[in-house]
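Chemist: Sequential numbering from 990 applies to the sequence shown in my numbering.
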Amino acid sequence: MLKADRFRAILTMLEVDRMIRSSEIMERLSVSDMTVRRDLDELEGKGLVERVHGGARLQNLYRQEELSHSEKKIVHYNEKEKIAKRAVEFINDGDTVFLGPGTTIELAVQYIQADFLRIVTNCQPIFDRLNQCKKNWKIYLIGGELRAATQCFVGEITNKSLMDMNFHKVFFSCNALSGQKIMTATFEEGQTQQIALNNSVDRYLLIDHSKIGKRDFSVYYNLRDVTAVITNKHERRHYEAIEKATKYLV
């Protein structure tokens, strides 16, 4: 495993558990004690973690570098799969659906059972996955400026197209949820999702537990305006804010 990949893996573990022992990193990443010590020293030097006896704890709740779409695919995969399977239960024949960017949303595509749908997305990997399904669906990919990290289209062209569309349901994700604030890494991506959400009857937020209690750059929606949050239970997380949503689904 490359050093950069180890760094991302260690930070992901810390985002979930807040503190982690060196022995656990060694076991989960199959690396030596010396490698773990060097990695933690370097992460501490970057101001990302704080070394404690026997391990480290996270220094900051605000992720400084956004993972790419492909990198996010391997993070909390099992949890995302459960969330995806639960989410598609809310899709019915005849629905017009918007699928926002995100690896959990992409996972959900393969579990959709409805035969007659109109599906709109601004995310290239999700469109590609939809196109592989042999279903009687009308599929639309909204173009615009491609954002490399998430492989989704944003900007004026995308937004103008979305302004003239209405949906029965939107399924979307986020990078962080703190209190009532739903956040992502860029204003442009958030603005595009906001337009789709405002033009929909129902809005389903799909997030795994690692997003809860975090912060990111741009706040683009409010939890009180979401129809339901679909997430997984985790004993280390507090769900008080989510429970104030119209529905709370696990």
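C-beta atoms are modelled at their ideal positions from N, C-alpha and C, and glycine is treated no differently.
Spatial neighbours of T1235 within its chain, please: CB distance less than 6 angstroms, with the 5 preceding and 5 following residues excluded, ordered by chain position.
Modeler: For the purposes of this step, residue 1235 is identified with residue 246 of the sequence shown, where counting begins at 1. Low per-residue confidence applies at T1235: pLDDT is 44, beneath 50, and the placement is therefore not dependable enough to give any value.
Chemist: Where does T1235 fall in DSSP's three states?
Modeler: On the sequence shown, position 246 is the one that residue 1235 refers to. Any reading at T1235 needs caution, since the residue's pLDDT is 44, under 50, leaving its predicted position unreliable; the model's value is listed next. Looking at T1235 - three-state DSSP - the assignment turns out to be coil, as it is neither helix nor strand.
Chemist: Alpha carbons only, please: which of N1164, S1189 and Q1182 is nearest the one belonging to H1198?
Modeler: For the purposes of this step, residue 1198 is identified with residue 209 of the sequence shown, where counting begins at 1. Comparing Cα positions, the closest option is N1164.
Chemist: Residue ranges of each beta strand (DSSP E) run of no fewer than 3 residues wholly in the stretch 1073 to 1112, ordered along the chain?
Modeler: Within the stretch 1073 to 1112, the complete beta strand (DSSP E) runs of at least 3 residues are 1085 to 1088 and 1105 to 1110.
Chemist: Output yes or no for whether 8 angstroms exceeds the beta carbon distance between Q1182 and F1161.
Modeler: Taking the first residue of the sequence shown as 1, we reach residue 1182 at position 193. Taking the first residue of the sequence shown as 1, we reach residue 1161 at position 172. In contact: Q1182 and F1161 (Cβ atoms closer than 8 angstroms).
Chemist: Counting only the same chain and skipping the five closest in sequence on each side, list residues whose C-beta sits under 7 angstroms from that of E1070.
Modeler: Residue mapping note: residue 1070 aligns to position 81 of the sequence shown, counting from 1. Cβ within range, chain order: L1096.
Chemist: Rounded to whole angstroms, how far is the Cβ of L1106 from the Cβ of D1084, which I believe are closer than 8 angstroms?
Modeler: If you number the sequence shown from 1, residue 1106 lands on position 117. If you number the sequence shown from 1, residue 1084 lands on position 95. Confirmed, Cβ separation roughly 6 angstroms.
Chemist: Taking all protein chains shown into account, do 16 or more other C-beta atoms lie within 10 angstroms of the C-beta of E1134, making it buried, or fewer, making it exposed?
Modeler: On the sequence shown, position 145 is the one that residue 1134 refers to. It is exposed - the Cβ of E1134 has fewer than 16 other Cβ atoms within 10 Å.
Chemist: Would you give the residue range spanned by the alpha helix (DSSP H) that V1025 belongs to?
Modeler: Within the sequence shown, residue 1025 is the residue found at index 36, counting from 1. That run of the alpha helix (DSSP H) goes D1022 to G1034.
Chemist: Determine the extent of the alpha helix (DSSP H) in which T1173 is found, giving its start and end residues.
Modeler: Position 184 of the sequence shown, counted from the start, is the residue given in the question as residue 1173. Per DSSP, T1173 belongs to no alpha helix (DSSP H); it is in the beta strand (DSSP E), K1170 to T1173.
Chemist: Does the beta-carbon of D1022 have 16 or more other beta-carbons within 10 angstroms, so that it is buried, or is it exposed?
Modeler: Against the sequence shown, residue 1022 aligns to sequence position 33. The residue in question, D1022, is exposed, as its Cβ has fewer than 16 Cβ neighbours within 10 Å.
Chemist: Let's test the definition: count the other Cβ atoms within 10 Å of the Cβ of S1012 and tell me whether it reaches 16, buried, or not, exposed.
Modeler: For the purposes of this step, residue 1012 is taken as residue 23 along the sequence shown, with counting starting at 1. Exposed, since its Cβ has fewer than 16 Cβ neighbours within 10 Å.
Chemist: Please state whether DSSP places R997 in a helix, a strand or coil.
Modeler: Position 8 of the sequence shown holds residue 997. Helix.
Chemist: To the nearest angstrom, how far is the alpha carbon of A998 from that of G1043?
Modeler: As a working mapping, residue 998 is identified with position 9 in the sequence shown. As a working mapping, residue 1043 is identified with position 54 in the sequence shown. Distance between the alpha carbons of A998 and G1043 is about 18 angstroms.
Chemist: What do you get for M990, buried or exposed, if any count of 16 or more other CB atoms within 10 angstroms of its CB means buried?
Modeler: Within the sequence shown, residue 990 is the residue found at index 1, counting from 1. Classification for M990: exposed.
Chemist: When you compare only the Cα positions, how much space is there between R1027 and D1205?
Modeler: Start at 1 with the first residue of the sequence shown, and residue 1027 comes out as number 38. Start at 1 with the first residue of the sequence shown, and residue 1205 comes out as number 216. Their backbone Cα atoms lie some 28 angstroms apart in a straight line.
Chemist: Could you give the DSSP three-state label for N1148: helix, strand or coil?
Modeler: Against the sequence shown, residue 1148 aligns to sequence position 159. In this structure, N1148 counts as helix in the three-state DSSP scheme.
Chemist: Assuming N1211 and Q1169 are in contact, meaning their beta carbons sit under 8 angstroms apart, how far apart are those beta carbons, in whole angstroms?
Modeler: Here residue 1211 corresponds to residue number 222 of the sequence shown, with the count starting at 1. Here residue 1169 corresponds to residue number 180 of the sequence shown, with the count starting at 1. Right, the Cβ-Cβ distance comes to about 5 angstroms (below 8 angstroms), so this counts as a contact.
Chemist: Sorted by chain position, which residues of the same chain lie with C-beta nearer than 6 angstroms to V1159's C-beta, five sequence neighbours on each side aside?
Modeler: Translated into positions along the sequence shown, residue 1159 becomes position 170. Result list for V1159: F1087, A1185, L1186, S1189 and R1192, in chain order.
Chemist: Quick one: using the 10 Å Cβ neighbour count with 16 as the cut-off for buried, is L1000 buried or exposed?
Modeler: To locate residue 1000, count along the sequence shown from 1; it is residue 11. Its Cβ being crowded by 16 or more others within 10 Å, L1000 is buried.
Chemist: In angstroms, rounded to a whole number, what distance separates the CA positions of W1126 and D1104?
Modeler: Within the sequence shown, numbered from 1, the residue matching residue 1126 stands at position 137. Within the sequence shown, numbered from 1, the residue matching residue 1104 stands at position 115. Those two C-alpha atoms are separated by around 7 angstroms.
Chemist: Would E1078 pass as a contact of R1136 if the rule is Cβ separation under 8 angstroms?
Modeler: In the sequence shown, the residue the question calls residue 1078 occupies position 89. In the sequence shown, the residue the question calls residue 1136 occupies position 147. No, the pair does not count as a contact, with Cβ atoms beyond the cut-off.
Chemist: Quick check on K1222: buried or exposed, where buried means 16 or more other Cβ atoms within 10 Å of its Cβ?
Modeler: Walking along the sequence shown from the start, residue 1222 turns up at place 233. Its Cβ having fewer than 16 others within 10 Å, K1222 is exposed.
Chemist: Could you pull out every residue in the same chain whose Cβ sits closer than 8 angstroms to the Cβ of R1017, ignoring the five residues on either side in sequence?
Modeler: As a working mapping, residue 1017 is identified with position 28 in the sequence shown. A998 and M1002.
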